[in-house]
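Protein chains in written order, with our numbering: chain G, 23 to 655; chain U, 155 to 512; chain C, 7 to 208.
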Amino acid sequence: MTIARGNLAGLAERLDAQWSTPHSIYGWFATVDHKKIGIRYLITAFVFLLLGGTEAALMRAQLARPDGHIFSPEVYDQLFTMHGTTMIFWYASPMLSGFGNYLVPLLIGSRDMAFPRLNAFSYWSFVLSGVFVYVSFLAGAAPHGGWFAYVPYTDATYSPGLNMDFYALALLFLTISTTVGAINFVVTIFTMRAPGMSLSRMPLMMWSTLTTSVASIFALPSLTAALIFLELERRVGFRFFDATGGGTPLLWQHLFWVFGHPWVYIIVLPATGMASMMFPTFCRRPIVGHTYIALATVSTGLFGFGVWAHHMFATGMPLLSTTFFSAASMAVSVPSGMQVFAWLATIWAAKRHVYSTTFLFLLGFLLLFVIGGVSGVMTASVPYDWQVTDTYFVVAHLHYVLVGINLFPVIAAFYYWLPKMTGRLLNERLGRWNFWVMFLGANLTFFPMHFAGVRGMPRRIYTYPAGMGWDWLNMLETIGAAVFVVGILLFIINVIWSLRAGAPAGDNPWGASSLEWSTTSPPPEYNFDVIPVVRSREPLWDAPSPSPEASIPDYRVLDTGRRTLGTTVLDGQPQEVLRMPGDSLWPLAIALALAAMFTAVLLASVVAIVITGILVLACAGGWLWPQPEGAAS
Amino acid sequence: MVSILALCRPFVNLGARRLHPAATSNTKDVNVPAALQLRAYYDRAPSTLATGSHDAHRLALLGIAMTVVATLIFFVVVGIIFVGLWRRRSAPRAPATAIETQRPIDVSENWWVLGGGLAMPVIVLAGVFLLTLSTMHAYAPAPPGSPEILVIGHQWWWEVRYPNDTVITANELHLPVGRAVRLELRSADVIHSFWAPNLEGKTDLIPGQQNEMVLRADSAGVYRAECAEFCGPQHAKMSLSIVAESADAYKQWLAIAKSPTVLPQSDSARAGLNVFMTHSCSSCHSIRGTAAAGIVGPDLTHFGSRTTLAGGSLPNTVGYLAGWISNPDLLKPGTKMPAIPMDGASLQAVVRYLEALK
Amino acid sequence: MTDAAIQYSGAPLPEVTTGTRATGWWGMVWLCVTEAMLFACLIASYFFLRGSVQAFAAEGGHYPSLTLPIPMTVLLVTSSGTMWWGERGIRRGDQRRLRIGLALTFVLGAVFLVLQGIEFSHGLHGPTASAYESIFYTTTGLHGAHVAMGLLMNLYAQLQAWRGHFSAKRHLTVQNVSLYWHFVDAVWIVILTTLYLSPRLW
Numbered sequence: 023m024t025i026a027r028g029n030l031a032g033l034a035e036r037l038d039a040q041w042s043t044p045h046s047i048y049g050w051f052a053t054v055d056h057k058k059i060g061i062r063y064l065i066t067a068f069v070f071l072l073l074g075g076t077e078a079a080l081m082r083a084q085l086a087r088p089d090g091h092i093f094s095p096e097v098y099d100q101l102f103t104m105h106g107t108t109m110i111f112w113y114a115s116p117m118l119s120g121f122g123n124y125l126v127p128l129l130i131g132s133r134d135m136a137f138p139r140l141n142a143f144s145y146w147s148f149v150l151s152g153v154f155v156y157v158s159f160l161a162g163a164a165p166h167g168g169w170f171a172y173v174p175y176t177d178a179t180y181s182p183g184l185n186m187d188f189y190a191l192a193l194l195f196l197t198i199s200t201t202v203g204a205i206n207f208v209v210t211i212f213t214m215r216a217p218g219m220s221l222s223r224m225p226l227m228m229w230s231t232l233t234t235s236v237a238s239i240f241a242l243p244s245l246t247a248a249l250i251f252l253e254l255e256r257r258v259g260f261r262f263f264d265a266t267g268g269g270t271p272l273l274w275q276h277l278f279w280v281f282g283h284p285w286v287y288i289i290v291l292p293a294t295g296m297a298s299m300m301f302p303t304f305c306r307r308p309i310v311g312h313t314y315i316a317l318a319t320v321s322t323g324l325f326g327f328g329v330w331a332h333h334m335f336a337t338g339m340p341l342l343s344t345t346f347f348s349a350a351s352m353a354v355s356v357p358s359g360m361q362v363f364a365w366l367a368t369i370w371a372a373k374r375h376v377y378s379t380t381f382l383f384l385l386g387f388l389l390l391f392v393i394g395g396v397s398g399v400m401t402a403s404v405p406y407d408w409q410v411t412d413t414y415f416v417v418a419h420l421h422y423v424l425v426g427i428n429l430f431p432v433i434a435a436f437y438y439w440l441p442k443m444t445g446r447l448l449n450e451r452l453g454r455w456n457f458w459v460m461f462l463g464a465n466l467t468f469f470p471m472h473f474a475g476v477r478g479m480p481r482r483i484y485t486y487p488a489g490m491g492w493d494w495l496n497m498l499e500t501i502g503a504a505v506f507v508v509g510i511l512l513f514i515i516n517v518i519w520s521l522r523a524g525a526p527a528g529d530n531p532w533g534a535s536s537l538e539w540s541t542t543s544p545p546p547e548y549n550f551d552v553i554p555v556v557r558s559r560e561p562l563w564d565a566p567s568p569s570p571e572a573s574i575p576d577y578r579v580l581d582t583g584r585r586t587l588g589t590t591v592l593d594g595q596p597q598e599v600l601r602m603p604g605d606s607l608w609p610l611a612i613a614l615a616l617a618a619m620f621t622a623v624l625l626a627s628v629v630a631i632v633i634t635g636i637l638v639l640a641c642a643g644g645w646l647w648p649q650p651e652g653a654a655s
Numbered sequence: 155m156v157s158i159l160a161l162c163r164p165f166v167n168l169g170a171r172r173l174h175p176a177a178t179s180n181t182k183d184v185n186v187p188a189a190l191q192l193r194a195y196y197d198r199a200p201s202t203l204a205t206g207s208h209d210a211h212r213l214a215l216l217g218i219a220m221t222v223v224a225t226l227i228f229f230v231v232v233g234i235i236f237v238g239l240w241r242r243r244s245a246p247r248a249p250a251t252a253i254e255t256q257r258p259i260d261v262s263e264n265w266w267v268l269g270g271g272l273a274m275p276v277i278v279l280a281g282v283f284l285l286t287l288s289t290m291h292a293y294a295p296a297p298p299g300s301p302e303i304l305v306i307g308h309q310w311w312w313e314v315r316y317p318n319d320t321v322i323t324a325n326e327l328h329l330p331v332g333r334a335v336r337l338e339l340r341s342a343d344v345i346h347s348f349w350a351p352n353l354e355g356k357t358d359l360i361p362g363q364q365n366e367m368v369l370r371a372d373s374a375g376v377y378r379a380e381c382a383e384f385c386g387p388q389h390a391k392m393s394l395s396i397v398a399e400s401a402d403a404y405k406q407w408l409a410i411a412k413s414p415t416v417l418p419q420s421d422s423a424r425a426g427l428n429v430f431m432t433h434s435c436s437s438c439h440s441i442r443g444t445a446a447a448g449i450v451g452p453d454l455t456h457f458g459s460r461t462t463l464a465g466g467s468l469p470n471t472v473g474y475l476a477g478w479i480s481n482p483d484l485l486k487p488g489t490k491m492p493a494i495p496m497d498g499a500s501l502q503a504v505v506r507y508l509e510a511l512k
Numbered sequence: 007m008t009d010a011a012i013q014y015s016g017a018p019l020p021e022v023t024t025g026t027r028a029t030g031w032w033g034m035v036w037l038c039v040t041e042a043m044l045f046a047c048l049i050a051s052y053f054f055l056r057g058s059v060q061a062f063a064a065e066g067g068h069y070p071s072l073t074l075p076i077p078m079t080v081l082l083v084t085s086s087g088t089m090w091w092g093e094r095g096i097r098r099g100d101q102r103r104l105r106i107g108l109a110l111t112f113v114l115g116a117v118f119l120v121l122q123g124i125e126f127s128h129g130l131h132g133p134t135a136s137a138y139e140s141i142f143y144t145t146t147g148l149h150g151a152h153v154a155m156g157l158l159m160n161l162y163a164q165l166q167a168w169r170g171h172f173s174a175k176r177h178l179t180v181q182n183v184s185l186y187w188h189f190v191d192a193v194w195i196v197i198l199t200t201l202y203l204s205p206r207l208w
């Protein structure tokens, strides 16, 4: 059945009535709109970036000079543990989830995620787990065993306080949020793409989101198992890691890194996917090697599971295993090389480049990526790793990777997509300053760390003696950190300026090719009044059809309640109409109940655990109670 | 920190600075305690580039070779970016949203990805991997009859035991230059990692596991080794001096180190030992030849001959030792050594006694 | 405008779907995948400890008894059958068969849990005796928790089944509960093989 274009009058008003959330306190807490949730993710993750950054700045202050004593060793340990934990778990991954939440439905031409309520739940439990772990500072017992939390230092004998319980329980809580979010992304990308968007036409950011989500689903259980073991060992006296009871501390290391190394790719791949969306826009041409980038993304996610033991070369592993993991760790850099050369080729083959702030950040990202990549190959060489592991060389390497391949694309993405979210452009002039200050700051902070490591400076030391050859390097790094902080402040100023006085963005300020630019900025709550059809990889760059469609099939209109289109997995053929659930307070309620339950576990009160456990089940029951119009999710 | 050091000041002039004979480069003045001149106690900065062994030398060469390759790759990428941008510098100022190139994409562009992104890395990585294998291949097991030394990591100091426990010492490891020794690495509590940057890569000390490494110094000197795995608040102050000396000097040291201490002859020394025994120092520390037989803390039998104290974090001078005994937690917050309250005379007596334990 | 690339017959698309078309089914599949990984990590931990620690208890001829696990296995496998039977029923619109199938499954699962409780209370050592006991109790205990969760889901489905909520076209809940139950049973087979049988075999 088709609907004549003339009969679409009043469609926007109808959809608006069906999809809009009331502007009230109830609406604020009950909304399941992926765009609102996405923006909340972005803001919250940015707050965690600032918290983790503050911790880093305090550490740099302590290390500026030898024999620094601003903080006691115990406080310094809490700072570096919380810096790592915050940045890796509460900033890097949620920040990308934020962009994913906002962009995935828009990029695939859908009206929401597959499970909007679970999406809201993911967000609430992410925030609450972050609050949970930061409450530890108020309790004077912030985690202090490193983000990697090696036993036996973190077991009850050597860390008797609540510090590591805060760590383990907050991460278990966050793991629930992340797993649910990952499943949501996978199902959304598999089943809700616009008609005509076959897998081969899918935007590259969808490939990276899909890869990281599947990798999360496979990798997170290893962390969950490790954390459950740790809590059972700390609280109940189980003996998985106890060498005197038939266990071994190496079990923790294996479980942690089987999770930990894929996680590195999980927090950089979505960012490379975003870069693959942005490069073509500023090179004014389709990306080179689309298929290769998709393949490289998937294979990086896959290989990421085969390299975990390169974190353990110094543990006395058999030489044959180290050789295998060394080779695998080098091989994993090949797909990254393919991605880099695809971007380089895109720059090379472009007839013209648009030097926006986004493009500058992308170029910076490329350079930092290459430095982080080659230093990674150096650490994959087993004997050299015996020298540089656990030194500042590795600190330099991992920060080039995470600042280079996560933070720089993220800032680029803000300059690129914030206008879509707010309807206003950021200031390009200030943006240029922002880029150069941040680029200088990042290199000044992290490049000298290579030398400090090669010159023998170990990681995770709260102070160091003078005259070992590290003094001026550390001073340089601290100055660099100050410059970097200024760069971040410039970004914040730019965002605030843009919200107040930014030039209106229009639908497609960059002349980009993907579907999110076909709707208004900011998009309506239903994203698209008529669900778009996709005929190529760059739908908005298709030659405009000579005459507008005279009539539209009804599956692209769907204006009888919250509905969106379900399509087939491989070819994106229309398959079914999906009923989308309405606003609900249950996601918030169940997240709060879970927070209460984890608090009860923290306080080790059996009565409270039972009560809060029943509360969680009750909330789940309330959520799932069949509704008259059978809305799934 | 300043006030603690001021507290130590009266003692600083009491004792001559103790230097190991091998540490000849020290010309710094410890009368200026504002910055601890620990560097003076080592012949070389603890850098992987200031190599003192053939192994470390090979590792440094491997690192330099990989750095050269890495730098080349980096500049290739930089070159492509800048030339790529430069050659379009005078592109027409069309509206920013105009699309210059329409599909279909030139197929030859994919050769960038396959050549630069696939073939090039595979070739480079194969080279790096061969380099890695050849460096690993150069590692030889210790020849039979090599000295075996047991190193036990503690929070936050190193216990060093020579065969049959004939020598038990702490935070110092003597070995004959040019000869491989086998280190057996164990931990008494949490995971530590043994790292002498000038000599060899790291090996972890893991509870319940016996790791081994071969250590060999090919030039004589005093090197610094440090703990490289985070092991708690004082992870930063857990280092050890490695003294690589001639076979004769090593033998001589071993002979002295094996011998128990001589019971004190002078009154003042007897008073010092008395303080040691009555102020519960002896419940944690041993001094072979006396009744002190504690096993929690470092063995102090030849304490006076060591260059540093408190896990290599303080010079072993009368001043620092007195400060350390009076309030260990101020100098090394979190240390397991408790403060032992004692009057000035007792403190002086025990410090003098310990410093005389050569 | 009709698009050549898009196949559309013109008939209205279905709204309520079951099976592989439903997003809810996809969600359950991925939940099972991540749970399977969790158990894979536990099993891997068991073998890692067994392979790397000499004092690991299972090596010393300490086999867990099979007297209870064998009937427990029979119970779970049977319950998978009854679940399948009930689900087949509702696919043809047979509500009675669904109700009976769900109820039988519930009873069999509940008896399994009771037997597991008996096994736990008769264990010689507690979970804190050694790493072996720790991994044994954690793996079986976590599986027991999953059975309990499966029973709660079963109750939830029954509640709707007895109110006549399901039909041949509309029974996604039953499909998901059933999928989860089969998954939990499959995990049990792996646990049986690993913890109970493997020390006897090699």
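Even glycine gets a Cβ: it sits at the ideal position worked out from N, Cα and C.
Assigned secondary structure, Thr-146 of chain C (DSSP; H/G/I helix, E/B strand, else coil): Secondary structure at Thr-146 of chain C: helix, using DSSP grouped into helix, strand and coil.
On the DSSP bridge assignment, give the partners of Val-362 of chain G in chain order. According to DSSP, residue pairing for Val-362 of chain G in a beta bridge does not occur.
Rounded C-beta distance between Glu-313 of chain U and Ile-306 of chain U? I'm assuming under 8 Å. The distance from the Cβ of Glu-313 of chain U to that of Ile-306 of chain U is about 4 Å, consistent with a contact at the 8 Å cut-off.
Would you mind working out which of U:Ile-449, U:Asn-352, U:Thr-462, U:Ala-493 sits nearest Gly-375 of chain U, comparing C-alpha positions? Minimum Cα distance to Gly-375 of chain U is reached at U:Asn-352.
Bridge partners - Pro-18 of chain C, DSSP secondary structure assignment: For Pro-18 of chain C, DSSP records no beta bridge to any residue.
Report all residues from its chain with a CB closer than 6 Å to the CB of Trp-8 of chain G; omit the five preceding and five following residues, and keep chain order. No answer is possible for residue 8 of chain G: it lies beyond the span of chain G, which begins at 23 and ends at 655.
For Ile-369 of chain G, return the contacting residues in chain U, with the cut-off set at a CB-CB distance below 8 Å. Those are Ile-234, Ile-235, Gly-238, Leu-239, listed as they occur along chain U.
Could you tell me which residues DSSP pairs with Ala-26 of chain G in its beta bridges? Paired residues: G:Ser-573.
Report the rounded CA-to-CA distance for Arg-585 of chain G versus Ala-34 of chain G, giving the unit in angstroms. Straight-line Cα distance between these residues: approximately 14 Å.
At a Cβ cut of 8 Å, what residues of the segment 379-397 of chain G count as close to chain U, listed as they run along the chain? So the close ones are Leu-385, Leu-388, Leu-389, Val-392, Ile-393, Val-396, Ser-397.
Among U:Gln-309, U:Ala-411, U:Leu-285, U:Ile-277, nearest to Leu-329 of chain U - alpha-carbon criterion: Sorting U:Gln-309, U:Ala-411, U:Leu-285, U:Ile-277 by C-alpha distance to the C-alpha of Leu-329 of chain U places U:Ala-411 at the top.
Can you check whether the CB of Phe-430 of chain G is closer than 8 Å to the CB of Gly-386 of chain G? Yes, Cβ-Cβ distance for Gly-386 of chain G and Phe-430 of chain G is below 8 Å.
Are there 16 or more other CB atoms within 10 angstroms of the CB of Leu-600 of chain G, so buried, or fewer, so exposed? Buried, by the Cβ-count rule.
Residue-chain proximity (Thr-286 of chain U, chain G), Cβ-Cβ < 8 Å: Output row for Thr-286 of chain U: interface = yes.
With 16 other Cβ atoms within 10 Å as the buried cut-off, status of Ala-572 of chain G: For Ala-572 of chain G, the number of other beta carbons within 10 angstroms of its own is below 16, and it is reported as exposed.
Which residue wins for smallest C-alpha separation from Gly-167 of chain G, given the options G:Phe-550, G:Gly-183, G:Ile-61? Of the listed residues, the one whose Cα sits closest to Gly-167 of chain G is G:Gly-183.
Using the three-state DSSP reduction, which class does Cys-381 of chain U fall into: helix, strand or coil? In the three-state reduction of the DSSP assignment, Cys-381 of chain U falls in the strand class.
What does Val-137 of chain C touch in chain G if you count any residue whose Cβ is under 7 Å from its own? Looking at the sequence provided, one finds Ala at residue 137 of chain C rather than Val. Within 7 Å of the CB of Ala-137 of chain C, the CB atoms of chain G belong to Arg-261, Phe-262, Asp-264, Gly-267, Gly-268, Gly-269, in sequence order along the chain.
By the three-class DSSP mapping on this structure, what secondary structure does Lys-356 of chain U have? In the structure shown, Lys-356 of chain U falls within a strand segment according to DSSP collapsed to helix, strand and coil.
Segments of 4+ residues assigned as alpha helix (DSSP H) that fall wholly inside the segment 217-274 of chain G: The segment 217-274 of chain G contains these whole alpha helix (DSSP H) runs: 226-253.
Contacts around Trp-229 of chain G, its chain only, beta-carbon distance under 8 Å, and the 5 residues preceding and following it disregarded: Cβ neighbours of Trp-229 of chain G beyond the five flanking positions: Gly-295, Ile-315, Ala-316, Thr-319, Val-320.
List the whole-angstrom C-beta distance separating Pro-487 of chain U from Pro-387 of chain U, where the pair is believed to meet the contact cut-off of C-beta under 8 Å. So it is a contact: roughly 7 Å between Cβ atoms.
According to DSSP, is Tyr-507 of chain U part of a helix, a strand, or is it coil? In the structure shown, Tyr-507 of chain U sits in a helix (DSSP, three-state: H, G or I).
Taking the beta carbon of Ser-343 of chain G as the centre, do at least 16 other beta carbons fall within 10 Å, making it buried, or is it exposed? Ser-343 of chain G is exposed by the Cβ-count criterion.
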